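Just so you know, we're using this note's numbering here: the sequence shown kicks off at 12 and counts up by one. Cβ atoms here follow ideal geometry from the backbone N, Cα and C, with glycine treated the same way. Source: prediction; values computed, not measured. Worksheet for the structure shown next.
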Amino acid sequence: MLKENEFFYRRLHFLGDLFLTIVALYLSLYLCSQNQIVESGFIRELLLFVLPIWSFFFLTDLKTYKYRQIPLTRIFANLLNPFLKSTTLLLFALFAANSLNESLRVIALFAGIDLLALAVLRGGIKLFLKVKYRNGNHLSNILIVGTGSLAREFIQKAKENIDWRFRILGLLDWEESKKGELVSGTQVIGTLKDLPRIIKNSHLDYIVYAVPRRFLNLIEESLNICEKMGVSTCILADYFPNGLCKQKVLTLEEKPLILFSSGPKKDEFIIAKEILDRALSFLMVILLSPIFLLSALLVKISSKGPVLFKQVRVGLNGKKFILYKFRTMVENAEELKPGLLNKNEMDGPVFKIKEDPRVTKLGGFLRKTSLDELPQLFNVLKGDMSLVGPRPPLPSEVSNYDLWHRRKLCMKPGLTCLWQVNGRNKINFEKWMKLDLEYIDNWSLLLDFKILLKTIPAVLSGSGV
């Protein structure tokens with residue numbers, strides 16, 4: 012609650028970092044051009060490639076913007092992680108473009124200037140915060156309503172996390188007899204009837220209601236008093252204590268709503284994921300268009316039937332969509348399936364046969380190389396799928412899911428996921444579901460990037476099929 016400006020300051024800090032990086036980039040180019048090291052305009056354009064890559068690594072590594080109760084050495088160490096990753100990727104890009112030798116001095120100078128500038132900025136911010144919060148300045152004075160387990164837990168957490176910058180002035184209870192008692196080392200200074208007097212005579216930033224939900228109707232009058240007297244209030248809710256759920260407060264027609272979700276929060280990172288999905292898919296469709304055309308032609312001339320295999324799959328929150336693949340089986344494959352059910356090699360509601368007789372010779376090759384999955388890039392462009400995410404199940408599979416299996420549908424399905432890069436046909440159904448949920452619970456843009464990198468060798472070696 013006291014971090015309502017933290018998002019703003021982190022973004023401001025990021026923009027400061029980005030500005031210094033741009034200055035370092037142009038300064039290094041200018042210095043090297045003075046010595047005639049930079050001769051090609053292509054190198055200048057390629058060096059600008061660092062900016063989106065740099066932004067990606069810094070935005071996805073929030074540790075680099077943490078300062079509270081962290082020593083300066085750790086702050087510098089947190090800076091090195093995204094900095095080294097972005098610089099390494101830049102070197103790789105230049106190497107791939109066969110421009111590394113002629114631009115190595117520029118990169119070395121840029122890296123040195125940028126790292127020094129970012130380190131100086133962090134040192135300055137740390138010094139500013141140290142002076143600002145010296146002698147207990149800028150602590151928030153709070154009063155806690157409640158003396159039960161919720162209040163005790165809150166007090167303990169506040170003591171353990173001194174970076175919250177709370178100064179607890181006391182507690183209020185309903186019973187007069189508890190006045191003067193100590194709860195977790197904090198004194199009960201009155202009852203709710205004393206609230207107007209305490210507000211008048213105290214410097215209060217927040218009043219925290221740490222009460223069980225069955226008592227919420229008893230605090231309405233005191234909430235009105237706080238509103239009239241201009242004091243900010245917070246309700247420490249214990250509605251549904253669940254480690255999986257993420258909570259978010261929304262407003263609908265000026266009415267507060269508490270959203271509980273077991274999937275990733277719909278924040279700027281999820282939006283960035285969707286933008287990157289479509290941008291990269293569009294780029295891949297263009298770059299791989301010769302392979303698309305060749306695969307389609309081979310499928311058409313090698314066996315009877317359509318080029319594309321279309322199948323209903325279940326996507327985000329149970330929404331059904333049409334999934335596209337290059338056809339790898341004979342035309343009447345679905346009609347032959349009932350006669351093969353007794354040969355199923357996968358447990359759970361999934362049907363898989365390693366040596367499926369319905370697969371054509373070309374289909375076996377397409378599956379081995381995962382080329383049959385390429386048309387799903389159009390599913391990504393349509394918004395039905397993502398590049399990375401749990402694989403989309405069949406409706407018949409979903410109907411046989413246990414309750415906890417269905418949570419995989421709280422995230423958009425993808426072309427590849429942890430199951431794929433860990434050798435999908437070597438993993439049983441339960442492990443598969445656990446890997447999908449592990450991905451959902453630990454999702455980040457950086458995790459997506461790692462999975463995409465691991466998918467390349469998995470496809471080339473055939474271990475992911």
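{"Check": "Might you give, ordered along the chain, the residues of its own chain that have their beta carbon closer than 7 Å to the beta carbon of residue 313, omitting 5 neighbours on each side?", "Outcome": "371, 373"}
{"Check": "Please classify residue 12 as buried or exposed, where buried requires at least 16 neighbouring CB atoms within 10 angstroms.", "Outcome": "Confidence is the limiting factor: at residue 12 the pLDDT is only 48, short of 50, which leaves the residue's position unreliable, though a coordinate-based value still follows. The residue is exposed, with fewer than 16 neighbouring Cβ atoms inside 10 Å."}
{"Check": "Could you name the residues of the same chain whose beta carbon sits closer than 6 Å to that of residue 270, not counting the 5 residues immediately before and after it, in chain order?", "Outcome": "259, 261"}
{"Check": "Give the DSSP-derived three-state secondary structure of residue 295 in the structure shown.", "Outcome": "helix"}
{"Check": "I need the boundaries of the alpha helix (DSSP H) containing residue 71, first residue and last residue.", "Outcome": "61-71"}
{"Check": "Would you kindly check if the distance between the Cβ of residue 456 and the Cβ of residue 67 is under 8 Å?", "Outcome": "yes"}
{"Check": "Here's the rule I'm using: 16 or more other beta-carbon atoms within 10 Å means buried, otherwise exposed. How should residue 416 be labelled?", "Outcome": "buried"}
{"Check": "Here's a check: name, in chain order, each residue in its chain whose Cβ is nearer than 6 Å to the Cβ of residue 121, leaving out the five neighbours to either side.", "Outcome": "35, 36, 39"}
{"Check": "Quick one, are the C-beta atoms of residue 274 and residue 444 less than 8 Å apart?", "Outcome": "no"}
{"Check": "Which whole-angstrom value is the C-beta distance of residue 216 and residue 243, which I expect to be below 8 Å?", "Outcome": "7 Å"}
{"Check": "Tell me the rounded alpha-carbon separation between residue 327 and residue 420.", "Outcome": "5 Å"}
{"Check": "Jot down the residue ranges of each uninterrupted alpha helix (DSSP H) in the segment 365-421, minimum 4 residues, whole runs only, in chain order.", "Outcome": "372-379, 387-393, 406-409"}
{"Check": "How should residue 218 be labelled, buried or exposed, when 16 other C-beta atoms within 10 angstroms of its C-beta is the threshold for buried?", "Outcome": "buried"}
{"Check": "If contacts are defined as beta-carbon pairs under 8 Å, then residue 177 and residue 195 qualify, I think. What distance do you get, rounded to the angstrom?", "Outcome": "13 Å between Cβ atoms; not a contact."}
{"Check": "With three or more beta-carbon pairs closer than 8 Å as the criterion, would you say the segment 385-400 touches the segment 323-339?", "Outcome": "yes"}
{"Check": "Compute the Euclidean distance between the alpha carbons of residue 226 and residue 233, then round it to the nearest angstrom.", "Outcome": "12 Å"}
{"Check": "State the CB to CB distance for the pair residue 83 and residue 137, rounded to an integer number of angstroms; the pair is presumed to be in contact (CB under 8 Å).", "Outcome": "5 Å"}
{"Check": "Grouping DSSP H, G and I as helix and E and B as strand, with all else coil, what is residue 358?", "Outcome": "coil"}
{"Check": "Mind checking which residues open and close the alpha helix (DSSP H) that includes residue 462?", "Outcome": "456-472"}
{"Check": "Given this structure, state the Cα-to-Cα distance separating residue 198 from residue 464, to the nearest angstrom.", "Outcome": "56 Å"}
{"Check": "Could you round the C-beta distance between residue 355 and residue 363 to whole angstroms and report it? I think they count as a contact, below 8 Å.", "Outcome": "7 Å"}
{"Check": "Which class does residue 43 belong to by DSSP, given the choice of helix, strand or coil?", "Outcome": "helix"}
{"Check": "Grab the span of the beta strand (DSSP E) containing residue 486 for me, first residue to last.", "Outcome": "What is shown of the chain runs 12 to 476, which leaves residue 486 out entirely."}
{"Check": "Closer than 8 Å is the cut-off here; do at least three beta carbon pairs connect the segment 69-77 with the segment 152-164?", "Outcome": "no"}
{"Check": "For residue 5, name the three-state secondary structure that DSSP assigns.", "Outcome": "Any question about residue 5 goes unanswered here, given that the chain covers just 12 to 476."}
{"Check": "Does the Cβ of residue 235 have 16 or more other Cβ atoms within 10 Å, making it buried, or fewer, making it exposed?", "Outcome": "exposed"}
{"Check": "Apart from the five residues on each side of it in sequence, which residues of its chain come closer than 7 Å, Cβ to Cβ, to residue 309?", "Outcome": "373"}
{"Check": "How far does the beta strand (DSSP E) with residue 327 in it reach, from first residue to last?", "Outcome": "Segment: none, residue 327 is in no beta strand (DSSP E) and carries neither H nor E."}
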